[in-house]
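Take 31 as the starting number for the sequence shown in this note's numbering and just add one per residue. Note that the Cβ used here is the ideal one computed from N, Cα and C, for glycine as well.
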Amino acid sequence: MANYFVGDIQGCFDELTLLLSKVDFNPSQDQLWAVGDLVARGPGSLPTLQYFKALDGAANVSLGNHDLHLMAVHGKIKRANPKDKLEALLASSDIDSLIGWLRHQPLHQELPEHSLVMTHAGVPPHWDISTLRGESKRVTQALQAPDYQEALLEKMYTSGSNQWHSNMDELERKIYCINALTRMRFLHSDNSLDFDCKLSPAECKDPDLTPWFELEGKINKTHTLVFGHWAAVMGKVSSSRIKALDTGCCWGEYLTLWHLETDEKITQNKLKKS
31 MANYFVGDIQ
41 GCFDELTLLL
51 SKVDFNPSQD
61 QLWAVGDLVA
71 RGPGSLPTLQ
81 YFKALDGAAN
91 VSLGNHDLHL
101 MAVHGKIKRA
111 NPKDKLEALL
121 ASSDIDSLIG
131 WLRHQPLHQE
141 LPEHSLVMTH
151 AGVPPHWDIS
161 TLRGESKRVT
171 QALQAPDYQE
181 ALLEKMYTSG
191 SNQWHSNMDE
201 LERKIYCINA
211 LTRMRFLHSD
221 NSLDFDCKLS
231 PAECKDPDLT
241 PWFELEGKIN
251 KTHTLVFGHW
261 AAVMGKVSSS
271 RIKALDTGCC
281 WGEYLTLWHL
291 ETDEKITQNK
301 LKKS
């Protein structure tokens, strides 16, 4: 059995198909792990979700910010961005079933036998594994609740904190967790999340900002940490225990697959439009 981890697909389904064919992916014996942002920007969000849902036990997904945004669009909380190319997905007869499946995906995944953690954007350096599990579970339970739209998705865009502290209320904890695990890039010197700078670490000249993965973290001392979300990083981090897999396929670059057992990265270039 092989474990394959794929970076942000964002609707680039044709590229995903070609990438998996390069490694002869077999869902009857292999496992496919996706760092989130299955949808948006590329033309194939519908077949991407259908494919992962059909994989059933062979698929392991952590939700990304675009996946959560899709839920909000489906619930008419937010309007679809034409650039996300979600028209076919939203008009599909499968949409309710696919949203239902997506709601049951967590914000983080673990592979205990390899001491591995996967999230979409990373893990706050000051969180230990117990905190990650507990806070992620809170959000997962909220997404699966019947009132998830009113109780969480509507509040996701209006409430919450960008800094973790001990006296946060229940909603603030959930919003911080969502922001940290699906949107985090840089942290300020006080460990608060910055949502404005999307540059690469080399391009960012603000001395108050540090990439979260360059700070001494509790989890990456004991675990391999797999993430996506930050295309500007293009897979380049200094620690061998951290695997950055978003390589900007939807922006014209390439899709990356990491084979855990061999520590090999396999790529597929963005297909040119015909």
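Using 10 angstroms around the beta-carbon of residue i, count the other beta-carbons present and answer buried if the total reaches 16, otherwise exposed.
i: D177; result: exposed
i: E294; result: exposed
i: T188; result: exposed
i: P322; result: A query on residue 322 cannot be resolved here, the shown segment of the chain reaching from 31 to 304 and no further.
i: G37; result: buried
i: H134; result: exposed
i: H144; result: exposed
i: G164; result: exposed
i: E180; result: exposed
i: A261; result: buried
i: S304; result: Low local confidence applies: a pLDDT of 39 at S304 is under 50, so the model's placement there is unreliable, and no value is given.
i: N56; result: exposed
i: S75; result: buried
i: T252; result: exposed
i: Q174; result: exposed
i: L245; result: exposed
i: S90; result: Residue identity check: residue 90 is Asn in the sequence provided, not Ser. Counting Cβ neighbours within 10 Å, N90 comes out buried, since at least 16 surround it.
i: G94; result: buried
i: T268; result: The sequence shown places Ser at residue 268, rather than the Thr named in the question. Classification for S268: exposed.
i: L50; result: buried
i: H99; result: buried
Which residues does DSSP list as the beta-bridge partners of residue i?
i: M148; result: Q139, V256
i: T240; result: L217
i: Y310; result: Because the chain is modelled from 31 through 304, residue 310 falls outside the range shown and cannot be assessed.
i: H289; result: Y34, E294
i: Q61; result: N33
i: I272; result: L255
i: Y178; result: BP columns for Y178 are empty, so no partner.
i: Y81; result: Bridge partners of Y81: none, in fact.
i: A110; result: In DSSP, A110 forms no bridge with anything.
i: D224; result: F216
i: V153; result: For V153, which the question treats as bridged, DSSP gives no partner whatsoever.
i: Y284; result: N299
i: A305; result: Because the chain spans 31 through 304 in this model, residue 305 falls outside it and cannot be assessed.
i: A89; result: L62
Please determine, among the options, the residue with the shortest C-alpha to C-alpha distance to residue i.
i: N221; options: D238, T212, L119, H144; result: D238
i: L79; options: L48, A118, N111; result: A118
i: D204; options: S269, H253, P136; result: The residue you asked about is not Asp; residue 204 is Lys in the sequence shown. Nearest C-alpha to K204: P136.
i: L290; options: F43, L98, E45, S270; result: S270
i: M31; options: L93, P73, Q59; result: Q59
i: V53; options: T297, T277, K106; result: T297
i: V65; options: T252, S92, E244; result: S92
i: L201; options: A88, L50, T212, L182; result: L182
i: K115; options: H96, K83, G87, K302; result: H96
i: L287; options: G41, W63, D44, F43; result: W63
i: N209; options: T252, L162, E244; result: L162
i: G72; options: F43, K185, Q61, L229; result: F43
i: S196; options: W157, H104, M101; result: W157
i: T33; options: M101, L48, L146, W131; result: One point to set straight first is that residue 33 is Asn, not Thr, in the sequence displayed. The shortest C-alpha separation from N33 is found at L146.
i: E283; options: T292, I159, E184, G265; result: G265
i: F35; options: L132, L285, D86; result: L285
i: T240; options: P231, G247, M148; result: P231
The ligand ZN and residue i: does the residue's C-beta get closer than 7 Å to at least one heavy atom of that ligand?
i: S51; result: The model on display carries no ligand, and the ligand ZN is accordingly not part of it.
| said: When you compare the region 123-138 with the region 186-206, are there three or more beta-carbon pairs, one atom per stretch, that lie closer than 8 Å? | reply: Taking 8 Å as the limit for Cβ pairs, the verdict is that the region 186-206 does not touch the region 123-138.
| field | the region 208-222 in contact with the region 104-124 per 3-pair CB rule at 8 Å | value | No: fewer than three Cβ pairs fall under 8 Å.
| Between the region 107-118 and the region 223-242, are three or more C-beta pairs nearer than 8 Å? | no
| said: Taking contact to mean 3 or more Cβ pairs, one atom from each stretch, closer than 8 Å, check whether the region 248-258 and the region 163-173 are in contact. | reply: No, the region 248-258 is not in contact with the region 163-173.
| Do the region 68-76 and the region 150-157 touch if we need at least three Cβ pairs shorter than 8 Å? | no
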